[in-house]
Amino acid sequence: MADPTLIKETVEAAQAAGPIGAFGLNGKIFVAQLVNFGLVLLVLWRFAYRPIVNMLEARSEKIEKSVKQAEEIEARMKASEVERDEMMKKARLTAQEVAKKAQEDAEARTKAMGEKARAEVEKIVVQGKAQLASEREEMLSQVRKEVAQMAILAAEKILGETIDKKKSEALAVNTLKEAGLDV
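In structure tokens, the structure reads:
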């Protein structure tokens with residue numbers, strides 16, 4: 001068991017320490033420990049806590065800045081995407097307009113070439129008809145001359161004499177009229 005002298009000394013020490021001693025605390029040591037704790041707290045606050053807090057604040061600011069930059073980049077990307085879509089739409093419309101215009105130009109050229117070809121064909125046909133009419137007239141003229149000469153020769157043979165030029169022409173005209181040819 002416990003030694004009675006030890007118990008007695010403990011009780012006397014507790015009574016001598018006062019009300020703090022009743023809790024088993026030594027007042028001088030307690031004050032020294034409080035001062036030590038305060039100094040340690042001050043040193044930790046100044047050399048550890050403040051730099052850590054400053055570092056955390058700087059990191060927090062950096063993170064916020066990065067988040068803002070990411071949001072700005074995302075907004076720019078969306079704007080770029082919208083702009084790209086608009087440009088693509090405009091490009092498609094322009095391409096369609098160019099294709100439509102090219103098709104219209106091609107149709108117009110085809111039509112113009114067709115009209116030009118028709119005009120040229122008509123011109124050739126008109127020239128051909130004119131040439132045929134001219135050749136026909138020339139041939140008819142030659143046939144008339146030949147028929148007239150043949151008629152004169154036939155008349156000379158029948159009459160047995162030479163016919164003068166004036167009589168020859170009158171005879172040729174009469175013969176052609178009887179044959180139904182225009183003079």
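Just so you know, my numbering puts 96 at position 96 of the sequence shown, and the rest follows in order with no gaps.
For each residue, glycine too, the CB sits at the ideal point set by N, CA and C.
Helix, strand or coil at residue i [DSSP, three-state]
i: N26; result: coil
Assigned exposure category for residue i - 16 Cβ within 10 Å defines buried
i: A112; result: exposed
For residue j and residue i, believed in contact at Cβ under 8 angstroms, the rounded distance
i: L132; j: I152; result: That belief does not hold up - the Cβ atoms of L132 and I152 are roughly 30 angstroms apart, past 8 angstroms.
i: A148; j: T175; result: 7 angstroms
Enclosing alpha helix (DSSP H) for residue i [first to last residue]
i: A70; result: 50–159
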